[in-house]
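Numbering (UniProt numbering), first residue to last: 1 to 594.
Please read the structure below before turning to the comments.
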C-alpha cells in the first residue's frame, strides 16, 4: 500500500518516541484514524468520551512522565472541545502536541460545514507553534517543529491537517529551492547560570538568618537537591500546589502547602523570614509571600518570563532547578544556628496536629477533611493522587501527607473543573503498576467525571495494578463557590445556583462493571478506603459529606470575617450549627485567644 500523509505522521511521531495518543474520531481526521489502525498498536489510541478529556489526558501524561503528551481531534466542534484541556497544559507549562483535523483545502473559507478558522482559534493557546499543512512536502518539518518546540520549551503546539491532505500519497521534499528538510531528535542539556551569578545568589543566601524556600512544579525532579540546600541553610520549605510531591511531608521542616489552601506553618515561614529562595514556582498569590522589602530574594526558574514576576528578587537565576541547586550548593555556608529551623519544625508539627484535629470535628454527616485524612493514613507506597478544582483541592493540599516516591497534581493556573478523572486515567496509562486515586467534587463528577468512568470501564483490564479509585465528595453543593460568595462578597448561598442533585455515583459505577460503595457515617470512612484499596477492579467511593465545613485559609482578613458574618445575617439557608462553627473558626483566626 502506498504510504499516505497520515501514515507518515504516525511513523514520524513514533520516531520521536510517541507511544500513545488521546482523542475521539470524526471525519475531519478520518485519514489519521485509518493510518493509526495500520500502526497495529505501535501507537496506542485511547478513546475518550469528549475531546476536552483528550487535552486534559495529554496534559497529565506530560505531568506524570516528563514527555510530550499528544492528543487528536476532528474539525469544527471537536477542535473547539479540545481547547480547555490545551489551556490547562499552557497554564502549567506542559508540553503537548495537538493534531487537529480540518475540512478539505478546496472548501476552506467557503462557509462550508465545520469550516472554522482553526489558525485563529488555536493562536493563543498554541502561540509557540501553530501551522496548517497544505502539501505533503510540508508535513515532515511541521511535525518535527511541533514536537521539538513542545519538548524544548514546555509549550502547547498544534498542527492542522485538512482531511483530503491526510489521504494523499506522501511525498518527501525534493532538493529544490523553496523546500526544507528536517529530522527528529533533540538533546536538552541542563541549563546552569554562570559562576558570578551563582556566587551573587550564594552571598544573599549566606547572609540570611531566617531563610524560607518555596518550591513548585519546576523542582519536581530536584527533591534531593532542595533538601540538601535547606539542610545547609537551616531553612524551612513551603510547597506550591503543583510542587506537593517535591518533598516528603515527613521532612520535619517542610511546612506543606502555601496560600489559600496552605498551612499556618507556611504562613509563619513567609511572614517571618528575612531571605526567600523560590525554586521552579510561579505561585501567584503574592499576599502569602513576604512583604516587599522584608526579605532578600533569590529565584531559580527555567523561564526568563517567570523570573522576578512575583517578588522583587535580588538574584534571578535562569536555569534548571536541579542543576542550578547542585551548582549552588558548594557555595553555601553550613549554618550553625538552627533556632529558625527549629521554630519551623515546631510550627509544622503544630499545623499537622491542628489538621488532624480539624478532620475529626463532627459534621453533618461526614467532615470532608476526615475523608482525606483517613486516606492519608492508608496511602499505599508509590501512589499517584490527583484532585479536582474546588474544596477537594484544599483537602488534597492541606490534609494529605505525601511520602517519598508519591506523585500528584491538579489543574494549577487554569484551575479547571473536571480535571481529576481524566488526570487519573492518564496517570494509570503512564504508570499501570501504581495505585491511582482521584479526589473529585460532585460538581466535577456531574460535569464530566461520570462519563469518563466509562473510559475506565473500557480500559482498566489492561493495567497491571487495577487500583484506580475515584472518590466523589458528595455534598450536593458547589461548595467552594458558596464559600467564595460568603467570604468575598458577603452574600448568602443562593440555592438556585449552588445546589446539586444527589446522584448515586457508586451505583452508577456498579452498573458499568466497576466497584462502588456509598458512605454515610464517619466511622465507615476508613473501612471504605480499605475496601477500595483492596479491590481487584476500579472503585468509586460516594462520600456523603457536609458542604458547610469551610476551606478556611491560614490567615483571615477582617474583611473576610465581616463578609462571612454578613452572609449569615442576610439569611444563609444552611444549618446554623455548622455555619456558626465556621464563623467561630474565622473569628478565632482573626482574634486568636491569648
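Positions of the beta carbon are idealized from the N, C-alpha and C atoms, including for glycine.
Do you know offhand how far residue 514's Cα is from residue 466's?
11 Å
Just the Cα atoms here: how many angstroms apart are residue 251 and residue 214?
14 Å
Can you tell me whether residue 471 is buried or exposed? The criterion is at least 16 other CB atoms within 10 Å of its CB, across all chains shown.
buried
Smallest Cα separation from residue 345: which of 302, 234 and 446?
234
By how many angstroms is the C-alpha of residue 130 removed from the C-alpha of residue 89?
15 Å
What's the gap between the Cα of residue 164 and the Cα of residue 23?
Approximately 20 Å between the Cα atoms of the pair.
For residue 19, which residues from the same chain have a beta carbon less than 8 Å from its beta carbon, with the 5 sequence-adjacent residues on both sides left out?
42, 43 and 44
Using CA coordinates, which residue listed in 166, 136 and 193 is at the minimum distance from residue 173?
136
Evaluate residue 291 with the Cβ neighbour count: other Cβ atoms within 10 Å of its Cβ, from every protein chain shown; 16 or more gives buried, anything less gives exposed.
The residue in question, residue 291, is exposed, as its Cβ has fewer than 16 Cβ neighbours within 10 Å.
Among all the DSSP beta bridges, which residues are the ones paired with residue 543?
473 and 519
Using 8 Å as the threshold, is the C-beta distance between residue 297 and residue 312 below it?
yes
For the candidate residues 541, 530 and 528, whose alpha-carbon lies nearest to that of residue 507?
541
Which two residues bound the contiguous beta strand (DSSP E) that contains residue 436?
Residue 436 -> beta strand (DSSP E) spans 436-441.
I need the DSSP call for residue 511, collapsed to helix, strand or coil.
helix
Just to confirm, are residue 384 and residue 412 a CB contact at a threshold of 8 Å?
no
Inspect the CB distances between the segment 388-408 and the segment 253-264 and report whether three or more fall short of 8 Å.
yes
So, under 8 Å CB-CB, residue 101 and residue 74 are touching, yes? Tell me the CB distance rounded to an integer number of Å.
5 Å
Which one of 401, 238, 294 and 246 has the shortest CA to CA distance from residue 269?
238
Can you tell me whether residue 239 is helix, strand or coil according to DSSP?
strand
Work out the CA separation of residue 478 and residue 303 for me, nearest whole Å.
36 Å
Per DSSP, residue 407 is paired with what?
384
Taking the continuous beta strand (DSSP E) assigned at residue 300, which residues delimit it?
296-301
Check residue 9 in the structure and name its three-state DSSP category.
helix
Confirm, please, whether the CB-CB distance from residue 443 to residue 390 is below 8 Å.
yes
The beta strand (DSSP E) spanning residue 64 covers which residue range?
It is not in any beta strand (DSSP E) - residue 64 instead sits in the alpha helix (DSSP H) that spans 51-65.
Since residue 30 is in the alpha helix (DSSP H), which residue starts that stretch and which ends it?
30-38
Identify which residue in 153, 427, 139 and 55 has its Cα closest to the Cα of residue 187.
The shortest Cα separation from residue 187 among 153, 427, 139 and 55 belongs to 153.
Distance check for residue 468 and residue 553, CA to CA, integer angstroms please.
30 Å
Check each candidate in 452, 333, 52 and 80 and name the one with the smallest Cα separation from residue 416.
52
Would you kindly check if the distance between the Cβ of residue 289 and the Cβ of residue 310 is under 8 Å?
yes
Give me the Cβ distance between residue 60 and residue 71, rounded to the nearest whole Å; I'm assuming they're in contact under 8 Å.
Between residue 71 and residue 60 the Cβ distance is about 11 Å, and since that is not below 8 Å, they are no contact.
Who are the Cβ neighbours of residue 306 in its own chain at under 7 Å, not counting the five residues just before and after it?
Around residue 306: 282.
Could you pull the DSSP bridge partners for residue 4 from this structure?
169
Measuring CA to CA, which of 242, 231 and 314 is closest to residue 595?
Look at the range of the chain in this structure, 1 to 594, and you will see that residue 595 is not part of it.
Helix, strand or coil, according to DSSP, for residue 356 in the structure here?
helix
Under three-state DSSP, which class holds residue 592?
Because the pLDDT of residue 592 is 44, which lies under 50, any placement of that residue in the model is unreliable, and the number read from its coordinates should be weighed accordingly. Residue 592: coil per DSSP, three-state reduction.
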